[in-house]
Amino acid sequence: MARDDIHVGLEIGTTKVCAVVAECREDGEIRLLGVGETPSRGVRKGEIVDFENASNCVREALSDAEEKSDVEIKSVWLAVTGSHIHSFNNRGSAAIPEESGEITEEEIQEVEYKAKEISLPKENAILHSIIQHYYVDGQEGVLNPVGMLGSRLEADFHIIHGVTNRIQNSIRCVKECHIEVEDVVVSSLASAQVVLGQHQKESGALVIDIGGGVTDYIVYLDGAVRQSGVLAVGGDHITNDISIGLRIPITRAEKLKIEEGSADLGKSLPGEKIVLKNDTGFSGKEVEREMLNMIIHARLEELFGLLRKRFAGEVPERLLGSGVMLTGGCSMIRGIRGIAESVFDMPVHLTRAQAVSGPTSAFENPQFSTCIGLAKYAQAVRSEMPEPSFLGNIFGKVFKKFRSS
Amino acid sequence: MISFPKYLDRSQTPVVRLVGLGNAGVNLADRITMAGVPGLETVAINSDQQSLSSSVSPVKVSLGPLTTRGLGAGGDPEIGLDAAKESLSEIEEALAGSDILFLCAGLGGGTASGAGGMVAEAAKQTGALLIAIVTTPFGFEGRRRTSQAAAAVQEIGAHADAVIHFENDRMAELAAPKSGVAETFAACDELLCGCISAVAHLISARGPLGVGLPDLLSVLNAGNGGCLFGTGASAGDNRAHEALERALKSPLLDRGRLLDEAASVLVHLSGPPSLSFAEVGAIMQEIARQASEGSMLHLGVSTSQDKNAPVVVTILAKAGAAAPAAAPAVRPRPSPAVERPPKPRPVPVEPEPERSVSPDPSPSHEAAEAPEPEPLPEPAPVRQVPPPRPAAQQPPPKPHPATKPASPKIKQETLQFEPVARGRFEKIEPTIVEGEDLDVPTFLRLNVKKP
Numbered sequence: 002m003a004r005d006d007i008h009v010g011l012e013i014g015t016t017k018v019c020a021v022v023a024e025c026r027e028d029g030e031i032r033l034l035g036v037g038e039t040p041s042r043g044v045r046k047g048e049i050v051d052f053e054n055a056s057n058c059v060r061e062a063l064s065d066a067e068e069k070s071d072v073e074i075k076s077v078w079l080a081v082t083g084s085h086i087h088s089f090n091n092r093g094s095a096a097i098p099e100e101s102g103e104i105t106e107e108e109i110q111e112v113e114y115k116a117k118e119i120s121l122p123k124e125n126a127i128l129h130s131i132i133q134h135y136y137v138d139g140q141e142g143v144l145n146p147v148g149m150l151g152s153r154l155e156a157d158f159h160i161i162h163g164v165t166n167r168i169q170n171s172i173r174c175v176k177e178c179h180i181e182v183e184d185v186v187v188s189s190l191a192s193a194q195v196v197l198g199q200h201q202k203e204s205g206a207l208v209i210d211i212g213g214g215v216t217d218y219i220v221y222l223d224g225a226v227r228q229s230g231v232l233a234v235g236g237d238h239i240t241n242d243i244s245i246g247l248r249i250p251i252t253r254a255e256k257l258k259i260e261e262g263s264a265d266l267g268k269s270l271p272g273e274k275i276v277l278k279n280d281t282g283f284s285g286k287e288v289e290r291e292m293l294n295m296i297i298h299a300r301l302e303e304l305f306g307l308l309r310k311r312f313a314g315e316v317p318e319r320l321l322g323s324g325v326m327l328t329g330g331c332s333m334i335r336g337i338r339g340i341a342e343s344v345f346d347m348p349v350h351l352t353r354a355q356a357v358s359g360p361t362s363a364f365e366n367p368q369f370s371t372c373i374g375l376a377k378y379a380q381a382v383r384s385e386m387p388e389p390s391f392l393g394n395i396f397g398k399v400f401k402k403f404r405s406s
Numbered sequence: 003m004i005s006f007p008k009y010l011d012r013s014q015t016p017v018v019r020l021v022g023l024g025n026a027g028v029n030l031a032d033r034i035t036m037a038g039v040p041g042l043e044t045v046a047i048n049s050d051q052q053s054l055s056s057s058v059s060p061v062k063v064s065l066g067p068l069t070t071r072g073l074g075a076g077g078d079p080e081i082g083l084d085a086a087k088e089s090l091s092e093i094e095e096a097l098a099g100s101d102i103l104f105l106c107a108g109l110g111g112g113t114a115s116g117a118g119g120m121v122a123e124a125a126k127q128t129g130a131l132l133i134a135i136v137t138t139p140f141g142f143e144g145r146r147r148t149s150q151a152a153a154a155v156q157e158i159g160a161h162a163d164a165v166i167h168f169e170n171d172r173m174a175e176l177a178a179p180k181s182g183v184a185e186t187f188a189a190c191d192e193l194l195c196g197c198i199s200a201v202a203h204l205i206s207a208r209g210p211l212g213v214g215l216p217d218l219l220s221v222l223n224a225g226n227g228g229c230l231f232g233t234g235a236s237a238g239d240n241r242a243h244e245a246l247e248r249a250l251k252s253p254l255l256d257r258g259r260l261l262d263e264a265a266s267v268l269v270h271l272s273g274p275p276s277l278s279f280a281e282v283g284a285i286m287q288e289i290a291r292q293a294s295e296g297s298m299l300h301l302g303v304s305t306s307q308d309k310n311a312p313v314v315v316t317i318l319a320k321a322g323a324a325a326p327a328a329a330p331a332v333r334p335r336p337s338p339a340v341e342r343p344p345k346p347r348p349v350p351v352e353p354e355p356e357r358s359v360s361p362d363p364s365p366s367h368e369a370a371e372a373p374e375p376e377p378l379p380e381p382a383p384v385r386q387v388p389p390p391r392p393a394a395q396q397p398p399p400k401p402h403p404a405t406k407p408a409s410p411k412i413k414q415e416t417l418q419f420e421p422v423a424r425g426r427f428e429k430i431e432p433t434i435v436e437g438e439d440l441d442v443p444t445f446l447r448l449n450v451k452k453p
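Given below as C-alpha cells:
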C-alpha cells in the first residue's frame, strides 16, 4: 500500500497530547499502526496557554508515535477545539444559467461561496462549511444536484468558525517540531467520523465528546451535520470540583475521580467513607463516598442540561433515532450513562472508535476517538469518495491560508 | 439554713404558669391554651382591652385602665410602663403562688417593651422560677422597634432566670417565602409553642438520665445571643434519625450548623419504653458531631409508658459567647397569700411539635401591633417621645453570622467556602454560559444539598 495512505492524527488535548498513525485501506477500514501519547502541559480548556511546554509535548508524542509505528511522520492532521469555536447554519443560493439549465460543479461552488458570505467577527475565520441539503427550485432534500435541471439552486450549509489566531497557535506549535499540518479539523467532527456509522448519521445522532478541558458536541440529522459546538467544561472541572469540595490536592482529586468516582447517587452505603492513603505531600484523609458522587453528579447533570438546552430550539429530539453517543475520556466515569439518559430522555451509548483494527488498547479507549477520527477524516477527504453528501465539500479553502502561514 | 426553693421540690406537681404580655404574648398564650399543653395555666396581660376580651386565657389582667383607657400603649414603652405601674397589684395577684413562670412577650412595641421589666420583677418576687420567652421584631419593622426590643430584653433579663430569645427574622424562615402572612406567623407561633411545652416537659419529666432546672439554666445562661431551639418527633422505623433530622431542620439551628457556636447544648430525648440505648447513642453522636468540641452536652432521657409514643428530640442551646455568670440569684420570698383554687395538675406529657394548630387569623407578632389605635390625648400621663435608648444598652452585635441566609445550606461542614472558588481555573479565561461561571463548582453554584 502506498505511503500516501498513512495518515497521522494529532490532538493537543488538555490532559494528553496524542498522535495516531493509521493506515487507511480503500475499503474504509483503518488499521492503527501506532499511538504515541504524552501527558499534556501548557494546555487549558483545549487551548494552548504555554507555548513552549505544549510544543515539547507535541514533540514527545510524535516521536513516541514514530517509535511505535515505525513510520516517519512528516505531516499531521490537527484537531482543534476551544470555546472560541462556534457554528451556525446558513443558506446560499445561485441562479442557474438559463441556456443550459443544468447544475454543474460551478453552481455548487457558487452556492457554497454565497453561503459563506456572512458577517463574522474580524478575527474569526471559517473552519468548515459542511453541506446539509440542496434545494433545486424549492425541491427539498436533494443530495447531489449535479446533472439535474433547474433554474435556481439553494443549499444549507453548516458553518464552523473560530478565532484565527488561536487556531494558528496550535498550528505553530506543531510547526515548531518541523512537522507540516495537512489541515485542521474541529474535534467534534473528527470524533463523529469513527463514533458514528453511516446509518447512524442518517437516523440522527448526537455525539458528545467529553474530554479533559472541553466538551465537543455534534448533531447529525439525515446524514448531515445539523449543529456542533464546544462547551469549555470537561473532566478538569470535575477534578477541580472534587478538589474544592473535599479539600484535597488536585492530583489526589484526579486519582480519586478515576479510581472511586461515580455519578450514581444513592448507591453507596450511608456514611460510607473512602480512605485516602497518605502520599507525598498529602497527609491522608477520609472522604464521604456519597459526597464525592454528589459533586460529580451535580457537574455532569449541569453539563448535560446545558447541552440539552442548546439543542432544544434547533433539533427535535424525536428525530435523533440513534440517540446519544458519549465518548472522550470523561465518558469512562461510572454512572455517566444514567445521568445522560435521564437528562436527554434518549438512549445513550458509550462508544469509541468503530471499524478500526490494530492495538485493541488504543481503539477501545474512548480517549482516542478524536485522534483516530482524524485519520478517518483524512482518508475521507483524500479519497473524496465515500461520503459525498457532505464530506466532498467539507474542505474549506480557508485552510490554505493556515497552511501557508 | 440551707434554703430550698420550692420549685426544686419535686414531691408535688409544680404550678406552671404562662404569662402572655402584650398583643403577641396574649396571642401566643391563646394558642397554647387552645393547643392544650397540660399543666399549664395561662395569664393574659395587656393594655389593649380589645385583645384581652377576645383572649381565651382564664386569667386576664388589664394594664392601666386609667392610663391607656384600655386602648393599648400605641407602641410607646413609656405608656406601657405607666400602665404596668398602675396595675402592679393586679399583676402580682395574678402571678402569686406560681412555681414556674413563663413570660411570653413580643418585644418592640409599647406594652411588652415598657411593662416587661416590671412584670418580670413582679413575677420574680413571687419566688417562682422565671423563664422569659421573647421575640424581637422583624428587621423591616425599623430600627426604633429593634432598639426598644433590645432595651426590653436587657430589662427582662435582669430579673428572669433565663431568657429564651427568638429572632423573628430567623423564625420567618420556617415558612416558605411565598406562604401567607398568617401561615408564617402560625409557623413561628407553633415553634414557640413547641419550645414552651418542651421546656415545661423537660423540667417535669423524670427518666433514667434526667435534665433538670440547673442544666436548663446553665445552658440558657451560657450565651448572649438568640436561642437555638429545635424539636422533632418521629415514630417510624428510622425514628431516631428522623426525629433528629426534624429537630435539626429548625431554622433556629440552621441544620445544626449553629450548634457549633453554642458553649453548651441541652438535649432531651423522650420516647416509648422501646427506645434503645443504641438509638440514644446514635442521636447523641450526631449532635456531638455538630456541636463544637469544647461544648458541654446536657443529656436527658425519659421514657413514657405509652408504647406508641414517638421519639422526641429536643435541642436547646444559646448562641454567642458565654456571658458572664449573670444568673440572678433566686430570691425565694414567701408567696403572698392569694387563694388559688386547688385543682389537679396533670403531669405534662410529651411535647408534640407536630401538633396542628389551627392557623390563627390574627398575626400574633409585633407586626400586628402596628395598627393599634393611638391612645386618645388626655391630661393624665404627660406624653413624651422617649429618648432613643443609649446605644450601650443594646446587646452586642449578633455574634453568629448565619442570621441572614434564608436558603437552606448544605449540611456537611466540608462544603463551606469563600463565595467564589475557581480553583485551578483561577487565572484563565472563564467559561461563562448563560451568565454562570461554569468554572465554579456546580454544587456550590446550585447549592446542592447533600442527598
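Chains as they are written, first to last, in my numbering: chain A, 2 to 406; chain B, 3 to 453.
Positions of the beta carbon are idealized from the N, C-alpha and C atoms, including for glycine.
Residue i to residue j span [Cα, whole Å]
i      : j      : result
B:M286 : B:G76  : 47 Å
A:K278 : A:E287 : 9 Å
A:Y378 : A:I211 : 20 Å
B:F419 : B:V442 : Note that B:F419 scores 46 on pLDDT, short of 50, meaning its location in the model is unreliable; the coordinates nonetheless yield the value given after this. Between B:F419 and B:V442, the C-alpha separation is close to 11 Å.
A:R248 : A:L327 : 29 Å
B:S358 : A:V231 : Summary for B:S358: the model assigns pLDDT 40, below 50, so the residue's position carries little reliability, and this model does not support an answer.
B:E143 : B:A152 : 13 Å
A:G267 : A:G83  : 35 Å
A:H134 : A:C331 : 33 Å
Coarse secondary structure for residue i, derived from DSSP in three states
i      : result
A:P40  : strand
B:E43  : strand
B:H203 : helix
A:H159 : strand
A:N294 : helix
B:V28  : helix
B:I2   : Chain B is shown from 3 up to 453; residue 2 of chain B falls before or after that span and cannot be answered.
A:A96  : strand
B:A264 : coil
A:N54  : helix
B:R335 : Because B:R335 sits at a pLDDT of 40, beneath the cut-off of 50, its placement in the model cannot be relied upon, and the following sentence gives the value as read from the coordinates. Residue state, collapsed to three classes: coil.
B:Q395 : Bear in mind that the predicted position of B:Q395 carries a pLDDT of just 45, short of 50, making it unreliable; the figure below should be weighed with that in mind. B:Q395 falls in the helix class under three-state DSSP.
A:V22  : strand
Chain B contact for residue i (CB, 8 Å cutoff)
i      : result
A:N464 : The structure shown does not extend to residue 464 of chain A, since chain A spans only 2 to 406, so no value can be given for it.
A:S84  : yes
A:A23  : no
A:E106 : no
A:G1   : Because residue 1 of chain A is not part of the residues shown, which for chain A are 2 to 406, the question remains open.
A:D51  : no
A:D237 : yes
Cβ-based burial, residue i [other Cβ within 10 Å; buried from 16]
i      : result
B:A319 : buried
B:S64  : buried
A:Y136 : buried
A:A313 : exposed
A:E183 : buried
B:Q150 : buried
Min CB distance residue i to chain C below 8 Å
i      : result
B:D439 : As a matter of chain content, chain C is missing from the structure shown, whose protein chains are A and B.
Minimum Cβ-Cβ distance from residue i to chain A less than 8 Å
i      : result
B:T433 : yes
B:R426 : yes
B:L254 : no
B:I430 : yes
B:L250 : no
B:L131 : no
B:F445 : yes
Distance between beta carbons of residue j and residue i, contact taken as under 8 Å
i      : j      : result
B:T233 : B:T316 : 4 Å
Cβ-heavy atom distance, residue i to the ligand SAH, below 7 Å
i      : result
B:A153 : This structure does not include the ligand SAH; it has no bound ligands of any sort.
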